[in-house]
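Quick note, the sequences are listed as chains E and P, same order.
Going left to right, the first sequence walks through residues 1 to 457 as our numbering numbers them.
Going left to right, the second sequence walks through residues 1 to 259 as our numbering numbers them.
This report refers to the structure that appears directly beneath it.
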Amino acid sequence: MVVGLIGATAGATVGASTVETVLNFLTATFFVPATFFTGAFFTTAFLTGAFLTAAFLATAFFATAFLATGAFFVVAFAAAFGAAIALLDSKIAGSKSAEIRATPAALLIHLELFKLLTILMFTFRNFSRHSPARIKRFFSPIGGRGWPAGGTCAQICSWDGRLTPMPANQDFVSKVQVFEPHKASLPPLIPYFKEFWNRRVFATELARFNDKAEYLGSRIGKAWLILNPLLLGIVYYVVIVIIRGGSDNDGLTRLNHLLIGLFTFYFAQTTVMSGAQSITLGGRLILNQAFPRTLLPFSCAIQAFRQFLPTIPVYILVLIVGNWISPATKFAGISWNFLWIPFIIACIAFTAFGLALLFATMNVYFRDTNKILTYITRIWMYLSPILWLPSALHGSSKLLLYINPLGPALTANSRIWIDNSALSLNIVLGCLFWAVASMAIGGYFFISRERDFAIRI
Amino acid sequence: MPEELAVRIEDLSITYKVSLESKRTLKNALMRASLRQESRMRTIEAVKHLTLDIPHGSVLGIVGSNGAGKSTLMRCIAGILTPTAGRVAVNGKISTLLALGVGFNQSLSGRDNIILGGLASGLSKEEIESKTDDIAKFADLPDGFIDLPVRTYSSGMYGRLSFSVAVNMTPDILLLDEALSAGDAAFKEKSFDRMRQLCAEARTILIVSHALATVTELCDEAIWMHKGTMLAQGKPENIVDEYLKFLNVGTLPSNYEDM
Chain E
1 MVVGLIGATA GATVGASTVE TVLNFLTATF FVPATFFTGA FFTTAFLTGA FLTAAFLATA
61 FFATAFLATG AFFVVAFAAA FGAAIALLDS KIAGSKSAEI RATPAALLIH LELFKLLTIL
121 MFTFRNFSRH SPARIKRFFS PIGGRGWPAG GTCAQICSWD GRLTPMPANQ DFVSKVQVFE
181 PHKASLPPLI PYFKEFWNRR VFATELARFN DKAEYLGSRI GKAWLILNPL LLGIVYYVVI
241 VIIRGGSDND GLTRLNHLLI GLFTFYFAQT TVMSGAQSIT LGGRLILNQA FPRTLLPFSC
301 AIQAFRQFLP TIPVYILVLI VGNWISPATK FAGISWNFLW IPFIIACIAF TAFGLALLFA
361 TMNVYFRDTN KILTYITRIW MYLSPILWLP SALHGSSKLL LYINPLGPAL TANSRIWIDN
421 SALSLNIVLG CLFWAVASMA IGGYFFISRE RDFAIRI
Chain P
1 MPEELAVRIE DLSITYKVSL ESKRTLKNAL MRASLRQESR MRTIEAVKHL TLDIPHGSVL
61 GIVGSNGAGK STLMRCIAGI LTPTAGRVAV NGKISTLLAL GVGFNQSLSG RDNIILGGLA
121 SGLSKEEIES KTDDIAKFAD LPDGFIDLPV RTYSSGMYGR LSFSVAVNMT PDILLLDEAL
181 SAGDAAFKEK SFDRMRQLCA EARTILIVSH ALATVTELCD EAIWMHKGTM LAQGKPENIV
241 DEYLKFLNVG TLPSNYEDM
């Protein structure tokens, strides 16, 4: 706390001097040392557990630095960000068990947030000369001005009767396809999904072939899919135990929670990350053939699921071995509650697939989306109840579970696998909400723009 | 749409914008927007007010210099690009060879790529598997190459396999874009034979080619496209002659100048 106070004082001094200095030297070069030093204070403050101080520091830094440059937009953004962190910290610090404070998750969240803030800061720096209307216009469609002429984002032809298999030499009275521009941003959805359904074998076969190509003749490759989250889980567990100064009295329960969380999260993460790349990597096929492009991210989701399935027996094995080593380990036992598992997995799959569609579309227009996505997924993981127990949150801080697209599903997951307890209505509704919302948003973005992909690949 | 027509194109225009930025990244876009720079875009009018009827059983050659809009027109007929204005009606099953390559995974074998390409074009698994052997036989790759990863292929082998997939899908309408340049003389003869056979079955073929001899030899109709508009339509010999004259002189014939 003492160090935190020193940090706060120093931060205030830095903040105050920043106003004067920045007013005089509005150069980009100044930002580099400023970021570095403030970053150092920021991190020190975190390490001492003085989250509030750190949040204050962040806000102060952003406010002063950007007030000086007159960037009202960035100030508003940074203030909101800082306030959100401060609120989160106070909630976490005030929670009864307070155990989350001691987990590396809290620390890592802050470090990742800081990295993201630094990137955002440099990116948004020039928004000072921006009118709100322009900002709004910039964000309204992805990429703003990049649509084909005619004003609609995508003018999508009918899929009706495309390339339906026809025996050779049949007379030419097959369905006539008509391609016309149409102003609606979505194609007729029923023929679209009919086409999607007709070619579902393509998606499953593509997933199978990709698996084959990736791990052809490499046994360690396939094992790595399980080993990677397993080893990562063990490393996180060791770190948690060290930071907490010893294990709890419940044996390896925490390790089990961590593992099932990581395995499930990896399923979602793989779906999103590989789905996001599927369009930009699908070049030739997209240029050569007309088919519903949603099949490509869908195939990635199938591939991710195929990789996820074998981790379940591994989890059960760890559970049994853990119970044998340390009998205090919670052993959930079998009950009807496990019937929820397929529902939860389906919700996770749909949520991740929807997000994959969204990011795949973004990736066509902005090729650095994938890089940003690595940051996003990492923060996402620390904010999910994987390294910490959902029970660590109390009162209004429980909101954190619900604003996270995977929060309700991962909570439900842990509750069933670890505690073997029934799900609350809130959790079930939360799972459903995110699955539906993410499919609707991601699906709309993707399908309304997919006819544009062939030009932009 | 009359029964005897394979493709009917009515007043088709295709316009799109391309970004002139070196890198299309979110960071650049944000920076540019923040500096109030307009993103550098160029509007390309690839096809302008094109009207064309193609009857079943015809072989249409499309000639024209680079950037005339030939490939864009083909993509639009295939349903990959969408018209900006106008209408394209297609009667029958399409097979395309627009970008060289059958599937898209370089580390998969030729056979796997054939199957994936077929599935993407809407064939069932049984249908494409029954065709795979014919396709492999037609492509006539050296021993065992069909089961090796596509990245090990020479460009000629790659082109032969792509062509073989396109012509063996029993299409009603076959769209070929610069596809005949692949392969050696023997393979060329084989592909010509195959295309004549398709014609005899009253199938329609559209060929984009810079090899003018191919156009005169195979086609029974040709069009000349120039900067998005169709300048002339007629017998392949006449069209090729006029096009050659234009290439040698460098200016458009006087009777086209007002277009």
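Glycine is no exception: its CB is placed at the ideal position from the N, C-alpha and C atoms.
is_contact[residue i, chain P] using C-beta, thresh 9 Å
| i | result |
| --- | --- |
| T474(E) | Nothing can be reported for residue 474(E), as the shown portion of chain E is limited to 1 through 457. |
| L287(E) | yes |
| R284(E) | yes |
| W388(E) | no |
| L206(E) | yes |
| K212(E) | yes |
| F445(E) | no |
| R378(E) | no |
| F196(E) | no |
| F209(E) | yes |
Coarse secondary structure for residue i, derived from DSSP in three states
| i | result |
| --- | --- |
| P236(P) | helix |
| G86(P) | strand |
| Q177(E) | strand |
| H56(P) | coil |
| A222(P) | strand |
| E450(E) | helix |
| G251(E) | coil |
| I403(E) | helix |
| G61(P) | strand |
| E242(P) | helix |
| L231(P) | strand |
| R315(P) | Here chain P has residues from 1 to 259 only, and residue 315(P) is not among them. |
| S458(E) | The structure shown has nothing for residue 458(E), since chain E only spans 1 to 457. |
| E189(P) | helix |
| M41(P) | strand |
| A29(P) | helix |
Neighbour flag for residue i against chain E, beta carbons, 9 Å
| i | result |
| --- | --- |
| V59(P) | no |
| L119(P) | yes |
| S191(P) | no |
| R42(P) | no |
| N66(P) | no |
| A99(P) | yes |
| A29(P) | yes |
| L176(P) | no |
| T96(P) | yes |
| L247(P) | no |
Partners in chain P for residue i, counting only beta-carbon separations shorter than 7 Å
| i | result |
| --- | --- |
| V272(E) | Those within 7 Å of V272(E) in chain P number zero; the least Cβ separation is about 17 Å. |
| R306(E) | Under the 7 Å cutoff, chain P gives no residues; its nearest Cβ is about 17 Å from R306(E). |
Within chain C, partners of residue i - CB distance below 7 Å
| i | result |
| --- | --- |
| E180(E) | Considering every chain present, this structure includes no chain C. Its protein chains are E and P. |
8 Å Cβ cut-off: residues of chain P touching residue i
| i | result |
| --- | --- |
| I455(E) | Y16, V18, L81 |
| F291(E) | A120, S121, G122 |
Partners in chain E for residue i, counting only beta-carbon separations shorter than 9 Å
| i | result |
| --- | --- |
| K23(P) | R367, D368 |
| V1(P) | Note that residue 1(P) is Met in the sequence shown here, rather than Val. The answer, in chain order, is V176, V178. |
| L52(P) | Here the premise fails: no neighbours, minimum Cβ distance about 14 Å. |
| L73(P) | In chain order: nothing, as chain E lies at least about 12 Å away. |
Interface partners of residue i on chain E, CB under 8 Å
| i | result |
| --- | --- |
| K125(P) | V201, E205 |
Within chain E, partners of residue i - CB distance below 7 Å
| i | result |
| --- | --- |
| S78(P) | Note on identity: in this sequence residue 78(P) is Ala, with Ser being the wrong assignment. Residues of chain E passing the Cβ test: A290. |
| L26(P) | F366, D368, T369, I372 |
What runs of the alpha helix (DSSP H), each 4 residues or longer, lie entirely inside the segment 201 to 249 of chain E?
219 to 244
Which residues, in order along the segment 357 to 375 of chain E, keep a beta-carbon less than 7 Å from a beta-carbon of chain P?
Y365, F366, R367, D368, T369, I372
Just by C-beta distance, which residues in the segment 138 to 164 of chain P are closer than 7 Å to chain E?
none
Inside the segment 89 to 164 of chain P only - alpha helix (DSSP H) runs reaching at least 4 residues:
110 to 120, 125 to 139
Members of the segment 186 to 219 of chain P near chain E, C-beta cut-off 7 Å
E201
Taking only beta carbons into account, state which residues of the segment 105 to 117 of chain P come closer than 8 Å to chain E, listed in chain order.
N105, S107, L108, D112, I115, L116, G117
Taking a cut of 8 Å between CB atoms, which residues from the segment 329 to 351 of chain E lie near chain P?
none
Near-chain P residues of the segment 420 to 452 of chain E - C-beta to any C-beta below 9 Å:
R451, D452
Any chance you could list the alpha helix (DSSP H) runs of at least 4 consecutive residues sitting entirely within the segment 385 to 431 of chain E, in chain order?
399 to 403, 407 to 414
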